[in-house]
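Step one of this worksheet: look at the structure below.
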Amino acid sequence: MRGPLQGPGEKEDQEEGAAAASGRPAGGPEAKKGSDSDSDSDQETEGARRPGRLGEDTLYLRFCRAHSVVPASCFLRQGSAPELSLRHRGLGPQGARALARALTSNPYVKRLDLRDNGLCGAGAEALAGALSKTRSICDVDLSENRLGAEGARAICAALVVSPAVQRVQLAENGLEEQAAQYLAELLLAHTGLKSLDLSYNQLNDQAGEMLGPALAENTGLTELSVRWNHLRGPGAIAFARGLEANIFLRVLDISYNGCGDSGASAVGEALKTNNVLEELYMSNNRVSAAGALSLGLGLRVNQTLRILAVSRNPMRSEGCSGVLKSVQANPQSALELLDFSDIQVNREFDDLASSVKVILPGLCIKTAARRVEYKKELLAVFRPSE
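For the sequence shown, position 25 (counting from the first letter as 1) is numbered 26 according to this note's numbering, and the numbering increases by one without interruption.
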């Protein structure tokens with residue numbers, strides 16, 4: 002008869018535990034005692050360790066030997082600090098395994114920064130075990146680690162059972178539509194998560210169609226960034242509909258996605274009913290003058306939005322004026338900043354802006370540095386030399 006099923010990583014944990022206890026590499030011959038591989042790290046940090054940390058440091062060093070990796074001296078120095086920063090250290094999957102075992106018994110670390118360490122899916126799986134067991138870590142940065150769908154699955158599953166974690170950064174990890182299903186499950190299950198960064202990934206239309214309904218049902222997230230992804234067409238519309246139903250999100254960054262006019266129109270509809278969102282960043286989304294007018298319809302009634310950034314969109318002065326007229330028609334508007342940076346506007350826009358500021362004196366309006374003024378008499382005339 003078969004024994005009880007082991008969860009992911011349990012067998013590996015048992016093997017590593019035995020290896021660490023004996024001081025030998027996992028699955029390999031016993032290492033030489035007092036080897037030079039970690040003696041330098043031991044000597045450099047031994048004097049700086051607190052007595053209460055000695056046992057935990059020794060355990061970490063043993064697991065490093067078990068995985069044949071060089072110990073991270075930063076961990077030995079910062080192990081008892083509330084913030085552990087190991088970014089750009091090249092830990093890799095093996096280094097992550099050793100670190101994960103040490104973190105499991107570490108009650109001090111609250112913020113874990115492992116940005117740019119080449120963890121990949123295997124390293125993420127190892128860290129997931131630690132995240133699912135720790136109750137102290139509340140802020141995790143795993144950006145730039147090539148996690149992919151495998152890593153996203155492991156991390157999201159761990160976060161679902163880690164109510165202490167409130168802030169997660171997963172930027173630039175090659176996350177695509179397959180990873181989106183795990184992210185959607187995370188949004189539905191983790192009510193304690195407050196901030197999520199998914200920027201610089203490859204989340205596409207299909208991903209937007211999965212994330213939108215999850216965003217609608219989420220009951221905790223207050224900050225979300227999906228800038229520099231591929232949310233377009235139906236995906237952008239589905240995502241905006243999620244925003245329409247959400248009653249917790251305060252900051253949303255969907256810049257550099259190519260949402261287009263259809264996406265801008267859907268966001269405008271969302272702003273009509275959403276009475277929570279305070280900051281919306283939509284720069285560089287291929288929004289034309291027509292899309293800007295549709296977006297403005299939401300601004301006619303919205304009373305909570307304080308910041309709207311729509312810079313680098315091809316809406317021209319016509320679109321900027323349309324947005325501004327919508328704000329002018331809403332004396333209850335809470336807007337403090339309208340960012341039209343890198344969009345050239347004309348004098349008519351300037352006159353309109355002046356009249357709007359009479360109604361909303363605290364409103365700051367940013368535009369391109371130069372104005373569009375075409376005067377025939379100023380055009381250079383080319384005359385061939387005689």
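Glycine residues also receive a C-beta, built at the ideal position from the N, C-alpha and C atoms.
Would you kindly check if the distance between the Cβ of residue j and the Cβ of residue i is under 7 Å?
{"i": "Ser-144", "j": "Arg-116", "result": "yes"}
{"i": "Asn-286", "j": "Cys-260", "result": "yes"}
{"i": "Met-211", "j": "Gln-179", "result": "no"}
{"i": "Leu-128", "j": "Ala-172", "result": "no"}
{"i": "Leu-281", "j": "Leu-253", "result": "yes"}
{"i": "Ala-291", "j": "Val-324", "result": "no"}
{"i": "Asp-343", "j": "Ser-312", "result": "yes"}
{"i": "Cys-75", "j": "Leu-92", "result": "no"}
{"i": "Lys-1", "j": "Gln-167", "result": "Since the first and last residues shown for the chain are 2 and 387, residue 1 lies out of range."}
{"i": "Leu-132", "j": "Ser-81", "result": "no"}
{"i": "Ala-165", "j": "Arg-147", "result": "no"}
{"i": "Asn-276", "j": "Thr-305", "result": "yes"}
{"i": "Leu-85", "j": "Val-110", "result": "yes"}
{"i": "Ala-266", "j": "Arg-228", "result": "Note on identity: in this sequence residue 266 is Ser, with Ala being the wrong assignment. Contact flag unset, no."}
{"i": "Ala-125", "j": "Gly-152", "result": "yes"}
Three-state secondary structure (DSSP) at residue i?
{"i": "Glu-224", "result": "strand"}
{"i": "Glu-84", "result": "strand"}
{"i": "Asp-340", "result": "strand"}
{"i": "Tyr-183", "result": "helix"}
{"i": "Lys-367", "result": "strand"}
{"i": "Ala-101", "result": "helix"}
{"i": "Tyr-61", "result": "helix"}
{"i": "Gly-206", "result": "Just to set this straight, residue 206 is Asp in the shown sequence, not Gly. Three-state result, Asp-206: helix."}
{"i": "Val-346", "result": "strand"}
{"i": "Arg-136", "result": "coil"}
{"i": "Asp-254", "result": "strand"}
{"i": "Ala-125", "result": "helix"}
{"i": "Leu-300", "result": "helix"}
{"i": "Val-359", "result": "helix"}
{"i": "Glu-45", "result": "Bear in mind that the predicted position of Glu-45 carries a pLDDT of just 37, short of 50, making it too unreliable to give a figure here."}
{"i": "Asp-142", "result": "strand"}
Have a look at the options and flag the residue whose alpha-carbon is nearest the alpha-carbon of residue i.
{"i": "Ala-73", "options": "Glu-349, Arg-90, Asn-219 and Pro-108", "result": "Arg-90"}
{"i": "Ser-226", "options": "Arg-233, Pro-235 and Leu-199", "result": "Leu-199"}
{"i": "Leu-189", "options": "Ala-165, Gly-221 and Ser-69", "result": "Gly-221"}
{"i": "Gly-269", "options": "Ala-291, Ile-248 and Leu-296", "result": "Leu-296"}
{"i": "Ser-334", "options": "Ser-356, Met-316 and Leu-300", "result": "Leu-300"}
{"i": "Arg-307", "options": "Asp-340, Lys-326 and Asn-314", "result": "Asp-340"}
{"i": "Ile-248", "options": "Ala-239, Leu-272 and Gly-236", "result": "Leu-272"}
{"i": "Ala-310", "options": "Leu-197, Gly-320, Gly-149 and Leu-338", "result": "Leu-338"}
{"i": "Pro-235", "options": "Asp-140, Asp-206, Val-302 and Arg-251", "result": "Asp-206"}
{"i": "Ser-263", "options": "Ala-237, Tyr-201, Glu-279 and Ser-284", "result": "Ala-237"}
{"i": "Ala-123", "options": "Asp-142, Leu-60 and Ile-156", "result": "Ile-156"}
{"i": "Ala-217", "options": "Gln-203, Ala-241, Gly-149 and Tyr-201", "result": "Ala-241"}
{"i": "Pro-315", "options": "Ala-369, Lys-326 and Val-302", "result": "Ala-369"}
{"i": "Leu-104", "options": "Thr-59, Ser-327, Cys-121 and Gly-119", "result": "Thr-59"}
From which residue to which residue does the alpha helix (DSSP H) around residue i run?
{"i": "Val-161", "result": "149-161"}
{"i": "Glu-319", "result": "317-329"}
{"i": "Gly-234", "result": "234-246"}
{"i": "Thr-274", "result": "261-274"}
{"i": "Arg-78", "result": "74-79"}
Which two residues bound the contiguous beta strand (DSSP E) that contains residue i?
{"i": "Lys-195", "result": "Where Lys-195 is concerned, there is no enclosing beta strand (DSSP E), given that its DSSP letter is neither H nor E."}
{"i": "Leu-309", "result": "308-310"}
{"i": "Gln-170", "result": "168-170"}
{"i": "Arg-112", "result": "112-114"}
{"i": "Glu-279", "result": "Counting along the chain, Glu-279 falls outside any beta strand (DSSP E), and DSSP gives it neither H nor E."}
Check the Cβ-Cβ distances between residue i and every residue of chain B, and say whether any is below 7 Å.
{"i": "Leu-160", "result": "As a matter of chain content, chain B is missing from the structure shown, which is built from one protein chain."}
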